[in-house]
Amino acid sequence: MTPRTDLTRSLLAVVAGIPGLRPATSSTTPFGSRVPWNLDASAVAVRDDVVEIRLVALVLPLPAVLSRAEAALHAVLEGTRWKDALIRLIVTDIDAGALTTADQEQRG
Numbered sequence: 081m082t083p084r085t086d087l088t089r090s091l092l093a094v095v096a097g098i099p100g101l102r103p104a105t106s107s108t109t110p111f112g113s114r115v116p117w118n119l120d121a122s123a124v125a126v127r128d129d130v131v132e133i134r135l136v137a138l139v140l141p142l143p144a145v146l147s148r149a150e151a152a153l154h155a156v157l158e159g160t161r162w163k164d165a166l167i168r169l170i171v172t173d174i175d176a177g178a179l180t181t182a183d184q185e186q187r188g
């Protein structure tokens, strides 16, 4: 394992623990499920000065869930050589369920 690989795994574990977000993977086809590596890792790019994570939002409003994610992800970077890196969270998609739930909450 390399430090970047270890960090990627730690970041993905944090994302998995945040209700309302999931990694935006590059393939959700049946073929992708047979690939022998973690496709979620394709959602993370670790560079020297930027840690970028592509996400799918499962709930709204986005600012609240993204603020929780950023705080939790900063904690993972502490004590690593990426402690000063910018965290860039990119929401590539919003799950239809998030829109339905938000609409129901506005009506109710």
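Under this note's numbering, the first residue of the sequence shown carries the number 81, and numbering increases by one thereafter. Using N, Cα and C, we set each Cβ at its ideal position, and we do this for glycine too.
Residue nearest to residue i in terms of C-alpha spacing, selected from the options
i              : options                          : result
valine 126     : Val171, Ile174, Leu92 and Ala178 : Leu92
tryptophan 162 : Thr82, Leu87 and Met81           : Leu87
aspartate 175  : Arg84, Leu101 and Pro143         : Leu101
valine 94      : Thr172, Leu179 and His154        : His154
glutamate 150  : Pro141, Leu166 and Gly159        : Leu166
valine 124     : Gly97, Thr105 and Gly159         : Thr105
valine 171     : Leu179, Glu158 and Arg134        : Arg134
aspartate 128  : Arg168, Ala152 and Ala96         : Arg168
glycine 177    : Val131, Arg89 and Leu140         : Leu140
serine 122     : Met81, Asp164, Asp173 and Thr85  : Thr85
glutamate 158  : Leu146, Ala144 and Val131        : Val131
For residue i, the three-state DSSP class (helix, strand or coil)
i            : result
proline 103  : strand
glycine 97   : coil
threonine 88 : helix
threonine 82 : coil
Residue-chain proximity (residue i, chain C), Cβ-Cβ < 9 Å
i         : result
serine 90 : Considering every chain present, this structure includes no chain C. It has just one protein chain.
(message) Please give me, in chain order, every unbroken run of the beta strand (DSSP E) with length at least 3 that falls completely inside the stretch 113-175.
(response) The stretch 113-175 contains, as complete beta strand (DSSP E) runs of 3+ residues, the segments 124-126, 130-137 and 166-174 (chain order).
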